[in-house]
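Chemist: Before I ask anything, let me first share the structure, which is written out below as structure tokens.
There are 2 protein chains.
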Amino acid sequence: MKDRIIENSIRMFGEKGFNETSIQDVVDVLGVTKGTFYYYFTSKEQLLMDIHLQYIDNLLSHQEKIMENQEKDSKSKLYEIIFKLISDIEKQGLSAKVFFREMRNLSEDHLELIVPKREQFRKNIQQVLEDGIVKKEFRSDLPAEIVSLGILGMANWSYFWFNPSGKRTDSEVSGIFLKMLLEGIQRD
Amino acid sequence: MKDRIIENSIRMFGEKGFNETSIQDVVDVLGVTKGTFYYYFTSKEQLLMDIHLQYIDNLLSHQEKIMENQEKDSKSKLYEIIFKLISDIEKQGLSAKVFFREMRNLSEDHLELIVPKREQFRKNIQQVLEDGIVKKEFRSDLPAEIVSLGILGMANWSYFWFNPSGKRTDSEVSGIFLKMLLEGIQRD
Numbered sequence: 001m002k003d004r005i006i007e008n009s010i011r012m013f014g015e016k017g018f019n020e021t022s023i024q025d026v027v028d029v030l031g032v033t034k035g036t037f038y039y040y041f042t043s044k045e046q047l048l049m050d051i052h053l054q055y056i057d058n059l060l061s062h063q064e065k066i067m068e069n070q071e072k073d074s075k076s077k078l079y080e081i082i083f084k085l086i087s088d089i090e091k092q093g094l095s096a097k098v099f100f101r102e103m104r105n106l107s108e109d110h111l112e113l114i115v116p117k118r119e120q121f122r123k124n125i126q127q128v129l130e131d132g133i134v135k136k137e138f139r140s141d142l143p144a145e146i147v148s149l150g151i152l153g154m155a156n157w158s159y160f161w162f163n164p165s166g167k168r169t170d171s172e173v174s175g176i177f178l179k180m181l182l183e184g185i186q187r188d
Numbered sequence: 001m002k003d004r005i006i007e008n009s010i011r012m013f014g015e016k017g018f019n020e021t022s023i024q025d026v027v028d029v030l031g032v033t034k035g036t037f038y039y040y041f042t043s044k045e046q047l048l049m050d051i052h053l054q055y056i057d058n059l060l061s062h063q064e065k066i067m068e069n070q071e072k073d074s075k076s077k078l079y080e081i082i083f084k085l086i087s088d089i090e091k092q093g094l095s096a097k098v099f100f101r102e103m104r105n106l107s108e109d110h111l112e113l114i115v116p117k118r119e120q121f122r123k124n125i126q127q128v129l130e131d132g133i134v135k136k137e138f139r140s141d142l143p144a145e146i147v148s149l150g151i152l153g154m155a156n157w158s159y160f161w162f163n164p165s166g167k168r169t170d171s172e173v174s175g176i177f178l179k180m181l182l183e184g185i186q187r188d
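What follows is the structure in structure tokens.
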């Protein structure tokens, strides 16, 4: 039941918004009572926190698997991280929407748990860049922190425009972004 | 008075959120009556629309000035567009916040006016890229549409992290982004 409550809330928060959806709305759709809701969650905000945690923990664990792979070079790792972010829009569209839009509705205490995880995801991109600099795959004269923020921006912004049923697939877009990042758009 | 209402609402919508701010809240701060508000705006949503229009029209007219300048090459134009987006976070922080976060509260009719303007801003970036391809400043084998979306993502995402009082200025960040975009991060 807990999973069904989470699943349905992601849909309702994603479609109508967190503030516009009441606990009553959530339980009505599932045909259960508010008592059932409060058996699993202390509040609507706690439920929102669970959705956020699930989303970022999934991203982080996937990213860590990419980073641990000894057989791939830094470029491939960068590609895979970008691809994960863009392909998740297709696979987890409404979760992404709730994650991007509703963070401001988390309590201070919960924000203190989520913000460092989001920052960890960025730091891991920076780590991939720094490893690539050491291995002489990447140039060393651009600050890895700012570059990591640029990469995250390119990939995350796709949430606002990427259409999984549009003319380009997630892997095509990720490939173009990687080429643009690695080689630059300037004509030699 | 109209300008004062807009100015104060940007602050209140930015700090508390559009749905969390009532017309009463807005007029209370200004010490006027609701009648005054309705003299200038038909609804709170109309006020939100005015804020959106002001923001995007300012961006567009600035961008068009950059594009019309015959003395600058495409690279410089790209730099100036990126710089405009990043520096606006400092200058127009709360307006940017309202623009990014509250678009979903616009009516369908108003969205139909705002969305094409946002799209025009992106298309203009694509135009700068295509002009640069013709002038052989930029390579021709990357689709300008996707590249424009990547650039917009890098620059717009800075809204979520750029700190005007942090260790790097808006022009430094724009410079790093431009270098990364033009030359790529790969080691030659």
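Those protein sequence lines, which keep their order, are chains A and B.
Residues in the first sequence are numbered consecutively from 1, following the numbering used here.
Residues in the second sequence are numbered consecutively from 1, following the numbering used here.
All residues carry an ideal CB built from backbone N, CA and C; glycine is no exception.
1) From the DSSP output, which residues share a beta bridge with F138/B?
2) Answer with buried or exposed for D73/B, where buried requires no fewer than 16 other C-beta atoms within 10 angstroms of its C-beta.
3) How about F177/A and I82/A: do their beta carbons lie closer than 7 Å?
4) Am I right that M67/B and Q127/B are in contact with their C-beta atoms under 8 Å? What's the rounded C-beta distance?
5) I need the straight-line Cα distance from F37/B to N8/B, nearest angstrom please.
6) By alpha-carbon positions, which one of I146/A, S140/A, V29/A and R122/A ends up nearest to M1/A?
7) Can you name, in chain order, every residue of its own chain whose Cβ lies under 6 Å from the Cβ of S87/B, other than the five neighbours on each side?
8) For R187/A versus R139/B, is the C-beta distance shorter than 7 Å?
9) Under three-state DSSP, which class holds V32/A?
10) Measuring only the C-alpha atoms, how far is L129/B from L60/B?
11) Use the C-beta contact count for N69/B: other C-beta atoms within 10 angstroms, 16 or more gives buried, fewer gives exposed.
12) What number of angstroms, rounded off, separates the C-alpha of E45/B from the C-alpha of K16/B?
13) Within 7 Å (strictly less), CB to CB, does L142/B reach chain A?
14) Kindly list, in the order they appear in chain A, the residues whose Cβ is closer than 7 Å to that of L152/B.
15) Can you give me the C-alpha to C-alpha distance between K77/B and L181/A, rounded to a whole angstrom?
16) Take every Cβ of the stretch 146-166 of chain B, pair it with every Cβ of the stretch 151-158 of chain A, and state whether three or more of those distances are shorter than 8 Å.
17) Residues of the stretch 9-32 of chain A with a CB closer than 9 Å to any CB of chain B: list them in chain order, please.
18) Can you list the residues of chain A that F99/B reaches, using a CB-CB cut of under 9 Å?
19) How about K97/B and G14/B: are their beta carbons less than 7 Å apart?
20) Less than 7 Å between the beta carbons of F18/A and E71/A, yes or no?
21) Going along the chain, which unbroken runs of the alpha helix (DSSP H) with 4 or more residues stay wholly within the stretch 157-187 of chain A?
22) Please identify the residue among E172/B, N163/B, I146/B and G175/B whose C-alpha is closest to the C-alpha of V173/A.
23) List, in order along the chain, the chain A residues whose C-beta lies closer than 9 Å to that of L181/B?
24) Round the Cβ separation of S148/A and I10/A to the nearest angstrom and send it over; I've been treating them as touching at under 8 Å.
Modeler: In short, the structure shows the following:
1) Here the question's residue 138/B lines up with position 138 in the second sequence. Paired residue(s): Q186/A.
2) Position 73 of the second sequence, counting from 1, holds the residue named residue 73/B. D73/B comes out exposed.
3) Numbered from its first residue, the first sequence carries residue 177/A at position 177. Numbered from its first residue, the first sequence carries residue 82/A at position 82. Cβ atoms of F177/A and I82/A: closer than 7 Å.
4) Taking the first residue of the second sequence as 1, we reach residue 67/B at position 67. Taking the first residue of the second sequence as 1, we reach residue 127/B at position 127. Going by Cβ atoms, the distance from M67/B to Q127/B rounds to 7 Å, so yes, they are a contact pair.
5) Taking the second sequence and counting its residues from 1, one reaches residue 37/B at position 37. Taking the second sequence and counting its residues from 1, one reaches residue 8/B at position 8. Going from the Cα of F37/B to the Cα of N8/B covers about 12 Å.
6) For this step, residue 1/A is matched to residue 1 along the first sequence. Cα-wise, what sits closest to M1/A is V29/A.
7) Taking the second sequence and counting its residues from 1, the one referred to as residue 87/B is at position 87. Here the set comprises D170.
8) Your numbering for residue 187/A matches position 187 in the first sequence. Your numbering for residue 139/B matches position 139 in the second sequence. Contact: yes.
9) To locate residue 32/A, count along the first sequence from 1; it is residue 32. Correct three-state label for V32/A: coil.
10) The residue you call residue 129/B lines up with position 129 of the second sequence. The residue you call residue 60/B lines up with position 60 of the second sequence. Distance between the alpha carbons of L129/B and L60/B: 17 Å.
11) For the purposes of this step, residue 69/B is taken as residue 69 along the second sequence, with counting starting at 1. Label assigned to N69/B: exposed.
12) Position 45 of the second sequence holds residue 45/B. Position 16 of the second sequence holds residue 16/B. The straight-line gap from Cα to Cα measures roughly 16 Å.
13) Position 142 of the second sequence, counted from the start, is the residue given in the question as residue 142/B. Yes, because at least one Cβ of chain A sits closer than 7 Å to the Cβ of L142/B.
14) In the second sequence, counting from the first residue as 1, residue 152/B sits at position 152. Under the 7 Å cutoff, chain A gives W157.
15) Taking the first residue of the second sequence as position 1, residue 77/B is located at position 77. Taking the first residue of the first sequence as position 1, residue 181/A is located at position 181. Rounded to the nearest angstrom, the two C-alpha atoms are 19 Å apart.
16) yes
17) G17, N19 and E20
18) Along the second sequence, one-based indexing puts residue 99/B at 99. Those do not exist, as F99/B stays about 13 Å from chain A at its closest Cβ, beyond 9 Å.
19) In the second sequence, counting from the first residue as 1, residue 97/B sits at position 97. In the second sequence, counting from the first residue as 1, residue 14/B sits at position 14. It is a contact, given that the beta carbons lie within the stated cut-off.
20) By 1-based counting over the first sequence, the position of residue 18/A is 18. By 1-based counting over the first sequence, the position of residue 71/A is 71. No, they are not a contact pair.
21) 170-183
22) Looking up residue 173/A in the first sequence gives position 173. Measuring from the Cα of V173/A, the nearest candidate turns out to be I146/B.
23) The residue given as residue 181/B occupies position 181 in the second sequence. Result: G150, M180, L181, G184, I185 and Q186.
24) As a first step, residue 148/A must be located in the first sequence, where it is residue number 148. As a first step, residue 10/A must be located in the first sequence, where it is residue number 10. About 28 Å separates the beta carbon of S148/A from that of I10/A, a gap too long to meet the 8 Å contact definition.
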